[in-house]
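Since the structure comes first, as structure tokens, the remarks are kept for the end.
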Amino acid sequence: MSGLKRERTWRNTRRKLANRMMWAGAILAALLAVTPLVLVLTYVLLKGIRALNWAFFTQLPVPVGEPGGGVANAIVGTLILILLACLVGLPVGILGGIYLAEFGNGRLGTVIRFTADVLISVPAIVIGVLVWGLVVDPLNSFSALAGGIALGIMMIPMIMRTTEELVRLVPVSQREAALALGATRFKTTFSVVMAAARGGVITGVLLAVARIAGEAAPLLFTVGYSRYLTVNVADQMASLPVEIFNNAIAAYETAHEKAWAGAFVLVVIILVLSVAARYATRGRFRLVR
1179 MSGLKRERTW RNTRRKLANR MMWAGAILAA LLAVTPLVLV LTYVLLKGIR ALNWAFFTQL
1239 PVPVGEPGGG VANAIVGTLI LILLACLVGL PVGILGGIYL AEFGNGRLGT VIRFTADVLI
1299 SVPAIVIGVL VWGLVVDPLN SFSALAGGIA LGIMMIPMIM RTTEELVRLV PVSQREAALA
1359 LGATRFKTTF SVVMAAARGG VITGVLLAVA RIAGEAAPLL FTVGYSRYLT VNVADQMASL
1419 PVEIFNNAIA AYETAHEKAW AGAFVLVVII LVLSVAARYA TRGRFRLVR
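In this text, residue positions in the sequence shown follow the numbering used here: the first is 1179, and each later residue adds one.
Take a look at the structure:
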């Protein structure tokens, strides 16, 4: 009996040791995953902290090489471009995802799914060149509208695939219950299924917005650049990614500081969107009453 007791004690000790090792490994992995983000934020902040002040957020740019000035036009332009991209990408992406989840079991659904997967992996600069050829070149003018179309095209496949997966997670019993109570298929889809998947869909949308917010390549081919603050989507418009690019390639230290400060602002915007996406995920299945 004493030998059996020692064997059980040894097994319990091994289990506890393995459990502690796994917990330590999980914590270490989490710290390693967070470390690059902390390093990026710290490094960018230290590089651009001298340019971060109230004027940086409220004033227009000054000629390259001169001290002072800000990126108010780029911040406003970035927000306008994100809004335009959402107007293009959200309806197509969400409705396309609903179609794939509810009716996309045939050949057409397979083709749409494959096309969306390929489009996700297409480099952003290729989409920029495409929109340049379809919109900018025929109109012979850069515009915020062309940039919004390019960013919206980038959003569509991400939102579509996210919406499809989240809608598929809604239990079939909820659909059947709504149909049994006399609801139409349309009413069931948008009032019951989408209510249950709403939190996840919002998460996908915010992650897609965070993905496009820092893209500079398609904007160089579509939006151009303007030193002035404008809200006319038919004109050229400033944006944070292009502003960072222009300052980064300049030969002046003050411009480099503004580039680092703009990069910090852009990273913070993306971080806020990512945190909002995580918050929207909480309780997404508790939305159904």
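Even for Gly, the Cβ is constructed at its ideal location relative to N, Cα and C.
For residue i, the three-state DSSP class (helix, strand or coil)
i	result
Arg1405	coil
Asn1425	helix
Arg1462	Because the pLDDT of Arg1462 is 48, which lies under 50, any placement of that residue in the model is unreliable, and the number read from its coordinates should be weighed accordingly. Looking at Arg1462 - three-state DSSP - the assignment turns out to be helix.
Met1332	helix
Gly1392	coil
Pro1245	coil
Gln1352	helix
Asp1154	This structure does not reach residue 1154, given that the chain is present from 1179 up to 1467, and the question cannot be answered.
Asn1197	helix
Ser1299	helix
Thr1381	helix
Asn1283	coil
Tyr1457	helix
Ala1361	coil
Asn1190	helix
Ser1321	coil
Leu1238	coil
Ile1447	helix
Tyr1430	coil
Asn1231	coil
Residues of its chain near residue i, where Cβ-Cβ distance is below 8 Å and the 5 sequence neighbours each way are ignored
i	result
Ala1229	Thr1432, Glu1435, Lys1436, Trp1438 and Ala1439
Ser1369	Ala1356 and Ala1361
Leu1265	Gly1326 and Gly1330
Ala1233	Gly1246, Gly1247 and Gly1248
Asn1190	none
Identity of the residue in the options nearest residue i by Cα
i	options	result
Leu1481	Leu1385, Phe1399 and Thr1408	The displayed coordinates of the chain run from 1179 to 1467. Any statement about residue 1481 would go beyond what the structure contains.
Met1338	Gly1275, Phe1423, Pro1269 and Pro1214	Gly1275
Val1420	Ala1391, Ile1447 and Ala1429	Ala1391
Asn1318	Asp1413, Val1445 and Arg1189	Asp1413
Ile1380	Gln1352, Thr1408 and Met1333	Met1333
Asp1295	Ala1426, Leu1347 and Glu1342	Glu1342
Leu1261	Arg1346, Ala1322, Tyr1403 and Val1212	Ala1322
Leu1278	Thr1293, Val1266, Leu1265 and Met1199	Thr1293
Val1371	Pro1349, Leu1224 and Gln1237	Pro1349
Thr1256	Ala1416, Ala1428 and Ala1429	Ala1416
Ala1252	Asn1424, Val1387, Leu1219 and Arg1198	Asn1424
Tyr1457	Gly1271, Gly1377, Gly1226 and Asn1410	Gly1377
Asn1394	Asn1410, Arg1405, Val1387 and Ile1422	At residue 1394 the sequence reads Ala, which differs from the Asn that was named. Comparing Cα-Cα distances from Ala1394 to each of Asn1410, Arg1405, Val1387 and Ile1422, the minimum goes to Ile1422.
Asn1231	Thr1213, Pro1214, Ala1250 and Glu1244	Ala1250
Chain-order list of residues whose beta-carbon lies under 7 Å from that of residue i (same chain, five-residue window excluded)
i	result
Ile1447	Ala1391
Thr1367	Ile1276 and Glu1280
Val1307	Phe1399
Arg1186	none
Ala1263	Gly1326, Leu1329, Gly1330, Met1333 and Ile1390
Thr1408	Met1415
Alpha carbon of residue i to alpha carbon of residue j, nearest angstrom
i	j	result
Ala1374	Val1453	21 Å
Thr1340	Tyr1221	33 Å
Ala1455	Gly1382	7 Å
Trp1310	Ala1204	46 Å
Thr1451	Arg1184	The sequence given here places Leu at residue 1451; Thr does not occur at that position. Taking the straight line joining both Cα atoms gives about 55 Å.
Val1218	Phe1235	21 Å
Thr1283	Phe1320	Note on identity: in this sequence residue 1283 is Asn, with Thr being the wrong assignment. Their Cα atoms are separated by approximately 41 Å.
Val1216	Val1314	39 Å
Pro1301	Val1254	26 Å
Phe1364	Gly1287	19 Å
Met1199	Val1387	38 Å
Tyr1406	Leu1273	37 Å
Leu1312	Val1304	12 Å
Leu1195	Leu1206	16 Å
Tyr1430	Lys1225	14 Å
Ala1426	Leu1210	29 Å
Ile1227	Trp1201	37 Å
8 Å Cβ cutoff, residue i in contact with chain D
i	result
Ala1328	Among the chains in the structure shown there is no chain D, since it carries only a single protein chain.
Same chain, Cβ closer than 6 Å to residue i, neighbours up to 5 away in sequence not counted
i	result
Gly1325	Leu1259, Leu1397, Thr1400 and Val1401
Leu1444	Gly1392 and Leu1418
Leu1297	Pro1335
Gly1247	Gln1237, Pro1239 and Val1240
Ala1428	Val1242
Ala1270	The residue you asked about is not Ala; residue 1270 is Val in the sequence shown. Closer than 6 Å at Cβ, skipping near neighbours: Ile1334.
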